Amino acid sequence: MGQFYFGDNVDKWVNFELALTEAPDVDLSWFEGIQKTKVDAGFETYSPNFYYENSRITAVYTADLDRLKALMPAKVLESVQPLQIWPGRGLVALTAYAYHYCDNDSYNEIALSIITTKPGNSSWGPFTLMGQSMSKDYWGYVLKLPVDTELARVRGVVGYNLPKWLTQINYSQTDKSIRFEIFDSETGKMDLAIQGEKLEDLSSNEDFVTNSFTNLDAQGNLISGYAVSRQLSHGSTMDDDAIQLTLSDGSFSEYIRSLDLGEMVKYEYVPDFQSALYTPKPLQ
211 MGQFYFGDNV
221 DKWVNFELAL
231 TEAPDVDLSW
241 FEGIQKTKVD
251 AGFETYSPNF
261 YYENSRITAV
271 YTADLDRLKA
281 LMPAKVLESV
291 QPLQIWPGRG
301 LVALTAYAYH
311 YCDNDSYNEI
321 ALSIITTKPG
331 NSSWGPFTLM
341 GQSMSKDYWG
351 YVLKLPVDTE
361 LARVRGVVGY
371 NLPKWLTQIN
381 YSQTDKSIRF
391 EIFDSETGKM
401 DLAIQGEKLE
411 DLSSNEDFVT
421 NSFTNLDAQG
431 NLISGYAVSR
441 QLSHGSTMDD
451 DAIQLTLSDG
461 SFSEYIRSLD
471 LGEMVKYEYV
481 PDFQSALYTP
491 KPLQ
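Take a look at the structure:
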């Protein structure tokens with residue numbers, strides 16, 4: 211692109227004929243039923259943001275509950291709590307995304323999030339997690355969210371007040387695995403690597419998942435946003451050999467170490483999904 215702007219390029223695929231030109235092999239039928247609305251998110255844009263063709267891997271780990279609570283703002287804790295899986299242990303999700311085609315062009319992103327209760331709900335441990343899993347309606351608080359394009363960074367910070375920063379993220383794959391390498395933005399050295407297995411026996415049943423997050427806006431007010439994902443190919447396992455997390459002495463790695471990660475609870479491999487990300491609104 212060579213320049214920075216929030217103009218037509220950001221929402222260039224409101225017109226589906228143009229989207230078909232950019233990515234003619236992508237099934238856009240789901241998006242045709244979703245109405246975009248012009249909103250003010252610190253800049254004029256349209257909501258939801260469309261992600262047309264994407265891949266991800268996710269690992270859910272246990273983590274120190276007190277540490278997770280300490281990382282959440284007091285006002286957020288008044289509304290949601292880290293989901294306690296057993297005494298003293300909460301849950302975090304580490305997700306690596308490859309957005310191949312979307313309204314923000316293409317980019318890679320790493321999300322580290324605390325899995326929480328729904329606003330106003332109590333945590334009933336594994337039963338709460340089971341309920342979210344059955345309803346495919348998950349809630350979280352985002353801790354870290356590095357991206358590898360300036361457009362994605364600025365839109366995430368200005369529009370969502372999310373903890374995004376710009377750094378190098380290398381995405382690669384073989385016939386057996388998918389790999390993301392995240393570099394330290396200060397030193398330029400590789401900080402951590404996430405390598406996930408390409409699971410076999412994937413489901414091709416269309417699966418809809420909602421991921422919601424609670425946050426504070428730039429003025430310190432409670433907000434929540436969400437994304438609805440249409441999973442077209444997906445699989446999961448509890449085998450901890452399915453993912454390799456390689457840490458270094460980089461800042462992101464040290465942050466992850468401070469969470470005292472324990473057992474991996476679940477690994478998800480989703481090589482093909484679409485998503486609609488909605489602009490946050492005040493949390494009632």
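Residue numbers (the working numbering): 211 to 494. A virtual CB, placed ideally from N, CA and C, is assigned to each residue, including glycine. All figures in this text were calculated on a predicted structure; none of them were measured in a lab.
Practice task
For the region 251–267 and the region 360–370, state whether three or more C-beta atom pairs, one from each stretch, are separated by less than 8 Å.
Solution key: Between the region 251–267 and the region 360–370 there are three or more C-beta pairs closer than 8 Å, enough to call the two in contact.
Problem - Validate contact between the region 270–285 and the region 308–319 using beta carbons, cut 8 Å, 3 pairs - result: Counting C-beta pairs with one atom in each stretch, the region 270–285 and the region 308–319 have fewer than three that are closer than 8 Å, which means they do not touch.
Practice task
Quick one: measure Cβ to Cβ for R300 and I324, integer angstroms, because I've assumed they're closer than 8 Å.
Solution key: Correcting the residue identity first, residue 300 is Gly in this sequence and not Arg. Between I324 and G300 the Cβ distance is about 7 Å, and since that is below 8 Å, they are a contact.
Problem - Sufficient close CB pairs (3 or more, under 8 Å) joining the region 457–475 to the region 429–436 - result: The region 457–475 is not in contact with the region 429–436.
Problem - Straight-line Cα distance separating G243 from W223 - result: Note on W223: pLDDT 44, under 50, position unreliable in the model; no value is reported.
Practice task
Pick out the complete beta strand (DSSP E) segments inside the region 451–480, 3 residues or longer, and give them in chain order.
Solution key: If only uninterrupted beta strand (DSSP E) runs of at least 3 residues are considered, those enclosed by the region 451–480 are 453–457.
Handout entry: Buried versus exposed, by CB contacts within 10 Å (16 or more), R266
Key = Around the beta carbon of R266, 16 or more other beta carbons sit within 10 angstroms, so the residue counts as buried.
Practice task
Can you check the region 275–340 for any alpha helix (DSSP H) of at least 4 residues that lies completely inside it and give the ranges in chain order?
Solution key: Assignment of alpha helix (DSSP H) within the region 275–340, counting only whole runs of 4 or more residues, yields 275–280, 284–287 in chain order.
Handout entry: Selection from T359, R440, N318, F423 that minimises the alpha carbon distance to S239
Key = Just measuring C-alpha positions, the residue of T359, R440, N318, F423 sitting nearest S239 is R440.
Exercise for the section: Please report how far the alpha carbon of L355 lies from the alpha carbon of K399, in whole angstroms. Expected result: Rounded to the nearest whole angstrom, the C-alpha separation of L355 and K399 is 18 Å.
Handout entry: Residues near S316 by beta carbon distance below 7 Å, same chain, minus five either side
Key = Taken in chain order, the residues that qualify are Y309, H310.
Exercise for the section: Could you say if the region 376–390 and the region 400–413 meet the contact criterion of at least three C-beta pairs nearer than 8 Å? Expected result: The region 376–390 is in contact with the region 400–413.
Practice task
Could you tell me which residues DSSP pairs with W349 in its beta bridges?
Solution key: The partner list for W349 (beta bridge, DSSP) reads T326, S422.
Problem - Nearest to D347 (by Cα), restricted to the options K328, T359, A303 - result: The residue among K328, T359, A303 with its C-alpha nearest the C-alpha of D347 is K328.
Problem - Local Cβ density within 10 Å of R467, reported as buried at 16 or more and exposed below that - result: Under this definition R467 is an exposed residue.
Practice task
Provide the residue(s) that pair with N255 in DSSP beta bridges, ordered along the chain.
Solution key: Checking the sequence, you will find Thr at residue 255 rather than Asn. By DSSP's assignment, T255 forms a beta bridge with V249.
Exercise for the section: Going by CA-CA distance only, name the one from F462, F241, F418 that's closest to K374. Expected result: Comparing Cα-Cα distances from K374 to each of F462, F241, F418, the minimum goes to F462.
Handout entry: L322 to S332 span [Cα, whole Å]
Key = Cα-Cα distance, rounded: 22 Å.
Exercise for the section: Counting only the same chain and skipping the five closest in sequence on each side, list residues whose C-beta sits under 7 Å from that of T447. Expected result: In chain order, L409, Y477 place their CB closer than 7 Å to the CB of T447, counting only its own chain and leaving out the 5 sequence neighbours on each side.
Problem - Spatial distance of E263 from G330 (CA atoms) - result: So the two alpha carbons sit approximately 34 Å from each other.
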